[in-house]
Amino acid sequence: MTNSQSPTATPVSRRLLPIAGATLAALLLVVIAGSGGNSDAGTAGPAPATVTVTGPLCDQLPAGSEPGNPNSLAGQPADQALQWIPVLTTFEAAVRATGLAAELTAPTGVTILAPTDDAFAAKFSRTNLDDMLLNDTATLRGLLRDHVVSGALPVAELVAAGSATTVAGTSLTVTAHGGGARVDAHADTVCADYQAANARIHVINEVLGTLPTTAGGEDDHPAH
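Using full-length UniProt numbering, read the sequence shown as starting at 1 and increasing by one per residue.
Next comes the structure, spelled out in structure tokens:
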């Protein structure tokens with residue numbers, strides 16, 4: 001993988017997607033208006049020569065000279081880097097809604113285990129997720145904090161340690177699986193080792209934590 005110029009396209013998280021229904025779209029419009037517009041990947045600091053991400057989903061994510069490629073995100077604040085990973089629009093919207101960005105940009109560094117949009121859709125009904133985004137951000141913030149570990153740890157270090165404790169105080173087992181990691185015995189890394197300023201971002205395929213599964217109800221079906 002080679003270095004690339006900083007992308008000038010709009011982060012994918014700022015396109016209004018139907019993942020969580022109309023109310024999520026409304027929320028995104030509100031938080032975008034207050035974001036200050038400082039989101040061009042590659043403007044916050046120098047990037048390493050090469051950033052290597054690994055996992056079965058990586059081939060479907062930006063690479064090479066495409067906006068949001070791993071090299072262009074290195075050095076970005078973690079909350080801004082999340083905006084450029086196209087499968088993390090729900091997670092990124094939740095970070096904005098809960099004000100978690102300050103914890104993700106801690107100078108001591110963090111590891112972010114970020115579930116994909118599909119993982120959120122498999123866990124929560126659209127009504128449940130919308131309600132947390134708009135009305136119950138305390139519960140949503142608690143959920144997100146169960147996906148953040150202190151220290152910017154490559155996936156290999158997480159596997160070598162065998163466990164990790166989230167900033168919410170939850171202990172997670174971490175084992176080797178398919179060239180990456182399996183977290184808490186059920187969530188696999190599908191594109192690991194994105195680098196951001198003082199952060200590592202590992203995309204995972206399931207939501208962690210103890211909230212009940214609400215997906216599969218009538219409100220998950222699009223209106224006709």
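Glycine included, C-beta positions come from ideal geometry on N, C-alpha and C.
With at least 16 other beta carbons inside 10 angstroms of its own, residue 115 counts as buried. Nearest neighbour of residue 165 by Cα position, chosen from 53, 56, 58 and 110, turns out to be 110.
Note on geometry: alpha-carbon atoms of residue 101 and residue 62 lie some 23 angstroms from one another. Beyond the five residues adjoining it in sequence on each side, residue 186 comes within less than 8 angstroms, by CB distance, of 206 in the same chain, given in chain order.
In the DSSP assignment, residue 56 falls outside any alpha helix (DSSP H) and carries neither an H nor an E. Boundaries of the beta strand (DSSP E) harbouring residue 173: 171-177, taken from the DSSP string. For a cut-off of 8 angstroms, the C-beta gap from residue 77 to residue 160 is around 27 angstroms, too long to register as a contact. A direct Cα-Cα distance of roughly 17 angstroms separates residue 158 from residue 108. Where residue 180 is concerned, the enclosing beta strand (DSSP E) starts and stops at 180-183.
Ranked by how close their Cα comes to the Cα of residue 72, the residues 56, 175 and 50 have 50 in first place. For the 8 angstroms CB-CB criterion, residue 182 and residue 168 do not form a contact. Of the candidates 89, 119, 82 and 134, the residue whose Cα lies closest to the Cα of residue 97 is 134. Your pair residue 113 and residue 95 does not check out as a contact, with CB atoms roughly 13 angstroms apart and the cut at 8 angstroms. Counting only residues of its own chain and dropping the five nearest sequence neighbours on each side, residue 119 has a CB closer than 6 angstroms to the CB of 205, 206 and 207. A Cβ-Cβ distance of about 6 angstroms is found for the pair residue 103 and residue 148, placing them in contact under the 8 angstroms criterion. Looking at the backbone, the Cα of residue 74 and that of residue 85 are separated by about 12 angstroms. Apart from the 5 residues on each side of it in sequence, residue 87 sits with its Cβ closer than 6 angstroms to the Cβ of 116 and 117 in its chain, given in chain order.
Annotation for residue 174: 158, 159, 161, 162, 163, 164, 181 and 183 place their beta carbon closer than 7 angstroms to its own, counting only its chain and skipping 5 residues before and after. Annotated three-state conformation of residue 72 is helix, per DSSP. Straight-line measurement puts the Cα of residue 217 at about 22 angstroms from the Cα of residue 137.
If you draw a 10 Å sphere on the C-beta of residue 92, you find 16 or more other C-beta atoms in it, and that means buried.
Around the beta carbon of residue 55, 16 or more other beta carbons lie within 10 angstroms, which makes this residue buried.
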